[in-house]
Every structure is written in C-alpha cells, then in structure tokens.
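Top line first, the protein sequences correspond to chains A and B. Oh and the first sequence: position 25 is 25 in my numbering, straight run, nothing missing. Oh and the second sequence: position 69 is 1069 in my numbering, straight run, nothing missing. Using N, Cα and C, we set each Cβ at its ideal position, and we do this for glycine too. From a predicted model like this one, the values you see are computed outputs, not experimental measurements. Some notes on the structure that comes next.
2 protein chains.
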Amino acid sequence: MKQAPLSSSAEDESTALRKNAANENLDFGILANRIGFHLRLAQAASFQAFRDEAREIDLSPGRFATLMLIGRNPGISQTTLAAANGRDKSTLTPILEDLEKRGFVKREKMKSDRRSYQLTLTENGRKKLAELTACAKRHDENLDRIVGPKDRAKFLKILQKIAAEVGHKE
Amino acid sequence: MKQAPLSSSAEDESTALRKNAANENLDFGILANRIGFHLRLAQAASFQAFRDEAREIDLSPGRFATLMLIGRNPGISQTTLAAANGRDKSTLTPILEDLEKRGFVKREKMKSDRRSYQLTLTENGRKKLAELTACAKRHDENLDRIVGPKDRAKFLKILQKIAAEVGHKE
C-alpha cells in the first residue's frame, strides 16, 4: 500500500529512541517496536513540554483540562468529569481538592444526591483558565507542527479509538 | 489527499469522547480537537488496560519497561535508563527503590563514578520480567488490533517524532 509521506520524512524510525537514550546504543527488546511504550514516551514528552510552556502558572495539562471541562460545563459532577478526563474518581479527588484549596474551583453538594459534588470555577479559576488556554494553544501548535497537517486527522482518530476501545476487549 | 481507510471506519471521530464522557453531552471546548488532550486520554486508557492485564502481578507498564531495559542492558546507569524511559532522574529514583525493595533490581555504585548506580536484575526480577512480557504482549496485540495494520507504522513513527521533538522547539 502506498503510504502518504510524513511531513519530515528524513527522520528515521529510530530517531526518537536514539535521542531519548542520550545516543547510547541500548537494546530496547520488545519495547522498541511497541505502541504502548511509545504512547507513554510521547505522552511523557508532551506533558513535560506543556509544563515548560506553563512554568510560571505551575499547573499540569491534567489540571488545565480539569479547569476547562468545569469552565465549559458549570455544575458538572465529579463522576462525569472523571470519565471525560480519563481518570477514575479516586485520582480526580486529590486534584479537585488542590484546585479548591488554590481558590480556582468550588465544590458544592448536589441537591439531588448529597453524596455527589457539583463543580464550578471561581473568578480566579476563570482567569487561570484563560492564561492556561494561551499556553495550551502554543503547546498544541507545536504538536500540530510535529504531527503535520497531512497526518493530523488520522492520528487524532487513532488516539480516540485507543481511548474508547483499549479497555473493552472484543 | 486520499486517506487510507482506518480498519474500523464506521467509528466516527467523536466516539471516544462520547464513550469517555459516559454518554453525557459535554462541551470539551478547545480540548475536543487537541492532540495533547487525546494523547493523554489514550495513554491513560492504555495504562489502565495494561494494569488490568497484569493485575495479579501488580506492576505498572512503566515498571515493566524499567525491568525490560535493565534486563536487556545489564549495568545500565540510572541516567541512561531515565532518558530511555522518558523520565527524569527524580521520578525514576522512587521506582528503582521500590523495585529494589521488592527484590527485582540490584543497584550498585559504579566504580568509575561513585555518585552513579549501575543496575541489574535479580533472579526474581528476571522471572517477573518474563511474566510481565507475556502480559505486555497481550496488551500490545490489543493495541495493534485497535490501531490496525495499515496505520500502525505511521502511527508509531508519529509517536516517536513527538517524543523526540516536542521539547525542542525550532
């Protein structure tokens, strides 16, 4: 099958490995060619690049997504937020407690279900979200440049397919 | 440009979002179409699926990769291992301490540089690595099925490109 060229075809497949391994001649065993391993390395690099971009703000990409989802969906429940953000409730709770302590998020007991919280942004949370959105846009432009316009739609689709299907075997 | 069909073309682009958001009609704002966000969701789902696959073994994919890299490269330094595994030294240290405490990894001071450790697997570490390798293979087969044979090489290449380039702006 004919493959569409990647935007930077001069890069060979082992470039990432070599750079990451500080040019040492390592044996990666079965990891070398594995989707799961490279998905983690790409995510770790992207996470770190976002943190560098948002250094003065000191909030991670996960917290940015959390603020964004609450900001766009005021009153969202913790359960819905956790599912939308790829986390379980137990990992989300300390993040929300931190964001509440820093004055960005309000948690209120739901009238319909006193065991659940509904979430909204404070005025400071909205300001912080606007600052982070600017950082995230720079970060995403950088990712888009790396992925390239030809491959972007398909790459995004495959990531979404993994998120939707990997836990649910046929 | 003609796009090669994805293996499951009936899936539309919003499927992952809808499933993850427990079918609620959420507004994802700029996240909806962002590589960085979906990279994290895919990684989180893959991480969880690996953990489920390796439940009895109770070791994460990151620890599996750590054991694999040490097993294939006996005497590897912490610095080299951190770079190969997409981590900085400060996040690797507690992982190595845990693996040492559980009897899977030996850390010894290097003769050439007494501030550095060289790492090897113990006999138990080698056994554990073999068990985890079987889990990882099942997990990776599942990921490969989701990505599809037509798109696999290109998808992997883009992940490697992100890991190599995202922190290094042009």
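Could you check the C-alpha separation between A:Ile70 and B:Leu1121 for me, to the nearest Å?
The alpha-carbon atoms of A:Ile70 and B:Leu1121 are separated by roughly 45 Å.
Does any C-beta atom of chain B lie closer than 8 Å to the C-beta of A:Lys161?
The beta carbon of A:Lys161 falls within 8 Å of a beta carbon belonging to chain B, placing the residue at that interface.
Three-state secondary structure (DSSP) of A:Lys2
Annotation note: pLDDT 39 at A:Lys2 (below 50); position unreliable, coordinate value reported separately. If DSSP states are grouped into helix, strand and coil, A:Lys2 belongs with coil.
Measuring CA to CA, which of A:Leu159, A:Asp113, A:Ile35, A:Lys128 is closest to A:Glu56?
It is A:Lys128.
Cβ-based burial, A:Gln160 [other Cβ within 10 Å; buried from 16]:
With 16 or more neighbouring CB atoms inside 10 Å of its own CB, A:Gln160 falls in the buried class.
Per-residue DSSP class, three states only, for B:Arg1107:
Here DSSP, grouped into helix, strand and coil, assigns B:Arg1107 to strand.
Proximal chain A residues relative to B:Pro1061, where beta-carbon distance stays under 8 Å
Chain A residues near B:Pro1061: Gly36, Phe37, Arg40.
Is the shortest distance between the beta-carbon of B:Leu1031 and the beta-carbons of chain A less than 8 Å?
Output row for B:Leu1031: interface = yes.
Just checking B:Leu1132 against the ligand NAD - is the residue's beta carbon closer than 7 Å to any of the ligand's heavy atoms?
Among the components of this structure there are no ligands whatsoever, and the ligand NAD is therefore not found.
Would you say B:Ala1022 reaches chain A, if we count a Cβ-Cβ gap shorter than 8 Å as a contact?
Low local confidence applies: a pLDDT of 44 at B:Ala1022 is under 50, so the model's placement there is unreliable, and no value is given.
The region 61-70 of chain A in contact with the region 1073-1089 of chain B per 3-pair CB rule at 8 Å
By the criterion of at least three beta-carbon pairs nearer than 8 Å, the region 61-70 of chain A is not in contact with the region 1073-1089 of chain B.
Quick check on B:Gln1043 - is its C-beta less than 8 Å from some C-beta in chain A?
Yes, B:Gln1043 counts as interfacial toward chain A.
Bridge partner(s) assigned by DSSP for A:Ser77
Per DSSP, A:Gln118.
Below 7 Å CB to CB, which residues in the same chain sit around A:Arg138 once its five sequence neighbours on both sides are set aside?
Excluding residues up to 5 positions away in sequence, Glu53 lie with their Cβ nearer than 7 Å to the Cβ of A:Arg138 in the same chain.
Looking at chain B, is there any beta carbon in it that lies within less than 8 Å of the beta carbon of A:Ser171?
The displayed coordinates of chain A run from 1 to 170. Any statement about residue 171 of chain A would go beyond what the structure contains.
Applying the 10 Å Cβ sphere with the 16-neighbour rule, what's the burial state of A:Met68?
Burial call: buried.
Alpha-carbon spacing of B:Arg1072 relative to B:Pro1149, whole angstroms:
Taking the straight line joining both Cα atoms gives about 27 Å.
Assigned exposure category for B:Ala1049 - 16 Cβ within 10 Å defines buried:
Per the 10 Å Cβ criterion, buried.
Only counting the same chain, and skipping five residues up and downstream in sequence, which positions put a Cβ closer than 7 Å to that of B:Glu1124?
With the sequence shown as reference, residue 1124 of chain B is identified as Asn, and Glu is not the correct amino acid for it. Excluding residues within five positions, the ones whose Cβ falls inside 7 Å are Gly1103, Phe1104.
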